[in-house]
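First comes the structure, then the notes that go with it.
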Amino acid sequence: MAKWIIFLSRCSIWQDRLRTCCNGTKKLKEQGRIMPLHVEVVSREEKVFEEKEADMVLVPAAEGQMGVLPRHAPTLTTLGFGELVIRKGNAEERFAIYGGVVDVRPGKVVVLAELAASSFALDVEAAERAREAAQKSLREGVTDEERRAAVLELRRANLELQISRKLKSSGSILRIIKDDENDSQ
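Each number in this note's numbering comes from the position in the sequence shown (counting from 1) with 47 added on.
Given below as structure tokens:
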């Protein structure tokens, strides 16, 4: 008689955990057994965003996407180019991140980014123009330094376009709005 053993890939296990994490975190938070995450996103110029009661953060680490929940083990890692997602209940805030480091502590996440831009503030037309200009300069004969700059600009433009398309195709996204933003709207 044959016995069947089913092995779940790690990817499917983690996806399942990520789907259910916000509900489980919400219940634990209501019971007072878990502290929310305090998240700060800082670029070279300014503090871009701060949320004191986030449920989860998806970080574009250099090695791949990293999910951070409350009580995460302390971690210091480098950031790659990618999308940073901060979730609070059903709402989320998204950022295009262009390198840097992230410092994770059990109740706090600090993202120190080279550049960070809110996905809601991305200019699709400017990204298209930047991509075309970078592709044009790559086709022409350029120096190594100009080539590196063009490749970097092409990566930035492609990331912005990818995030904008994702935001547009996902339909309605609930955004984390601060009290001072409500006053200005």
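Think of the CB as a built atom: it goes at the ideal place given N, C-alpha and C, for glycine as much as any other residue. All values reported here derive from a predicted model rather than from experimental measurement.
According to DSSP, residues forming a beta bridge with residue i
i, result
"residue 234", "No answer is possible for residue 234: it lies beyond the span of the chain, which begins at 48 and ends at 232."
"residue 101", "84"
"residue 215", "Partner(s): none; residue 215 has no beta bridge."
"residue 130", "143"
"residue 123", "150"
"residue 89", "94, 159"
Through-space distance from residue j to residue i, alpha-carbon basis
i, j, result
"residue 198", "residue 181", "7 Å"
"residue 103", "residue 188", "45 Å"
"residue 184", "residue 152", "43 Å"
"residue 161", "residue 144", "8 Å"
"residue 177", "residue 99", "35 Å"
"residue 105", "residue 97", "15 Å"
"residue 216", "residue 149", "28 Å"
"residue 207", "residue 114", "21 Å"
"residue 110", "residue 191", "26 Å"
"residue 233", "residue 196", "As displayed, the chain neither begins before 48 nor continues past 232, which places residue 233 out of reach and without an answer."
"residue 157", "residue 138", "20 Å"
"residue 60", "residue 186", "Only weak support exists for where residue 60 lies, its pLDDT of 48 falling under 50; the value from the coordinates is given anyway. Rounded to whole angstroms, residue 60 to residue 186 spans 43 Å at the Cα level."
"residue 101", "residue 131", "13 Å"
"residue 165", "residue 123", "23 Å"
"residue 214", "residue 147", "23 Å"
"residue 108", "residue 201", "20 Å"
"residue 112", "residue 127", "9 Å"
Where residue i falls, given that 16 or more other Cβ within 10 Å makes a residue buried
i, result
"residue 173", "exposed"
"residue 212", "exposed"
"residue 84", "buried"
"residue 142", "buried"
"residue 168", "exposed"
"residue 129", "buried"
"residue 136", "exposed"
"residue 193", "exposed"
"residue 154", "exposed"
"residue 118", "exposed"
"residue 121", "exposed"
"residue 140", "buried"
"residue 134", "buried"
Nearest-angstrom beta carbon gap, residue j and residue i [assumed within contact, 8 Å]
i, j, result
"residue 86", "residue 95", "About 11 Å separates the two Cβ atoms, so there is no contact after all."
Neighbour flag for residue i against chain B, beta carbons, 7 Å
i, result
"residue 168", "Of the protein chains in this structure there is only one, and it is not chain B."
Q: Pick out the complete beta strand (DSSP E) segments inside the segment 135-196, 3 residues or longer, and give them in chain order.
A: As far as the segment 135-196 is concerned, its whole beta strand (DSSP E) runs of at least 3 residues are 138-152, 155-160, 163-165.
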